[in-house]
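Written below as structure tokens is the structure these notes are about.
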Amino acid sequence: MSLLIQSLNHQIIDGDNHRQLLVDLNLSVAPGECVALMGDSGSGKTTLLNLIAGLEPIQQGKIAVAGISLTQASDRQLSQLRKQHIGIIFQHFNLLTSLSVQDNIEFSAKLAGRYDVMHGLALAEQLGISHLLKKYPATLSGGEMQRVAIARALNSKPKLLLADEPTGNLDQQNSSQVVAQLVQLAKSNNTALLMVTHSADVAASMDKIYRLQESSIRLVTD
Numbered sequence: 001m002s003l004l005i006q007s008l009n010h011q012i013i014d015g016d017n018h019r020q021l022l023v024d025l026n027l028s029v030a031p032g033e034c035v036a037l038m039g040d041s042g043s044g045k046t047t048l049l050n051l052i053a054g055l056e057p058i059q060q061g062k063i064a065v066a067g068i069s070l071t072q073a074s075d076r077q078l079s080q081l082r083k084q085h086i087g088i089i090f091q092h093f094n095l096l097t098s099l100s101v102q103d104n105i106e107f108s109a110k111l112a113g114r115y116d117v118m119h120g121l122a123l124a125e126q127l128g129i130s131h132l133l134k135k136y137p138a139t140l141s142g143g144e145m146q147r148v149a150i151a152r153a154l155n156s157k158p159k160l161l162l163a164d165e166p167t168g169n170l171d172q173q174n175s176s177q178v179v180a181q182l183v184q185l186a187k188s189n190n191t192a193l194l195m196v197t198h199s200a201d202v203a204a205s206m207d208k209i210y211r212l213q214e215s216s217i218r219l220v221t222d
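Residue numbers (UniProt numbering): 1 to 222.
Written out as structure tokens, the structure reads:
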């Protein structure tokens with residue numbers, strides 16, 4: 001499994017109270033499988049992504065990415081895991097404004113030690129952004145920036161791709177196109193995709209849909 005979560009529990013401090021955000025949560029995502037995660041605001045979707053990415057400490061339970069356990073990992077090991085095995089696509093793109101499109105795309109691959117110029121160029125071609133390689137993020141549209149962010153995340157050949165509302169800033173036409181390209185690329189690269197989304201249309205493009213509600217996760221469709 002690219003992602004395996006077992007008996008995950010997570011508590012947060014809400015004012016003066018402690019609130020159980022996640023209770024005995026179990027989830028697995030196989031290589032090349034595309035999974036949507038839905039739920040109301042405050043249900044814990046982004047917290048779950050942060051836990052999977054090793055950005056928040058695991059309080060109780062097990063998370064493993066590409067067979068590597070995060071539970072007892074040091075900060076250095078978690079940083080290395082993110083470089084080597086996890087790609088992240090943000091809602092607000094998080095491109096490096098001082099770098100060209102091509103340099104942005106190459107950034108994660110160089111960090112992972114998997115720089116392959118032809119792979120990066122092939123991703124740009126598949127995403128329809130080859131003509132933008134010498135441009136800078138400030139000159140791009142929202143849809144173009146999101147495609148660059150997808151290429152950057154996939155260029156390091158991660159085992160797991162995490163996407164937090166990646167189409168939240170796009171119109172419906174751009175959203176549909178970007179999601180279709182993202183799913184196709186995840187499958188062709190045998191990369192597991194876990195996408196947080198509020199959009200039923202986006203979720204319908206995935207292999208499975210889960211809903212996070214009342215501290216637990218349930219399969220909506222597969």
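For each residue, glycine too, the CB sits at the ideal point set by N, CA and C.
Using a Cβ-Cβ cutoff of less than 6 Å, which residues in the same chain neighbour residue i once the five nearest sequence positions on both sides are dropped?
i    : result
L193 : C34, L161 and A186
L119 : In the sequence under discussion, the amino acid at residue 119 is His, which differs from the Leu named in the question. If we look at H119 and ignore the five residues flanking it on each side, it has no Cβ neighbours.
T71  : I58 and K62
Do residue j and residue i count as a contact pair if the criterion is CB distance below 8 Å?
i    : j    : result
T46  : D164 : yes
G32  : N169 : no
I89  : P166 : yes
Q127 : R152 : The identity of residue 127 in the sequence shown is Leu, whereas the question assumes Gln. Not a contact, by the Cβ cut-off of 8 Å.
I13  : L21  : no
L111 : S156 : yes
Got a sec, what are the start and stop residues for the beta strand (DSSP E) residue i sits in?
i    : result
L8   : L3 to D14
K62  : Q60 to V65
G87  : I86 to I89
L212 : K208 to Q213
Which residue wins for smallest C-alpha separation from residue i, given the options the options?
i           : options                  : result
A109        : I150, H131 and S69       : I150
S100        : M145, D116, T71 and D40  : M145
K62         : L111, V23 and H85        : V23
V179        : G44, S188, M206 and R218 : M206
H10         : V220, L133 and S216      : S216
L95         : I105, Q181 and I86       : I105
I86         : N50, Q102 and Q60        : N50
V65         : P57, Q59, E56 and L78    : L78
D103        : E125, L133 and Q91       : L133
H198        : R19, L37 and N17         : L37
residue 234 : M195, S7, G42 and S188   : The requested residue 234 is not part of the displayed model; the chain covers only 1 to 222.
R19         : D40, N26, G44 and G142   : G44
D171        : G143, G15 and Q184       : G143
Can you name, in chain order, every residue of its own chain whose Cβ lies under 8 Å from the Cβ of residue i, other than the five neighbours on each side?
i    : result
A73  : G54 and L81
S28  : M1, L3, L4 and I5
R218 : Y210 and R211
What are the start and end residues of the alpha helix (DSSP H) that includes residue i?
i    : result
R152 : G142 to N155
L111 : V101 to A112
M118 : V117 to Q126
I52  : K45 to I52
What are the residues that DSSP puts in a beta bridge with residue i?
i    : result
D164 : V196
Q181 : Answer by DSSP bridge pairing: none, since Q181 is not bridged.
L22  : H10
S69  : A64
A36  : M195 and I209
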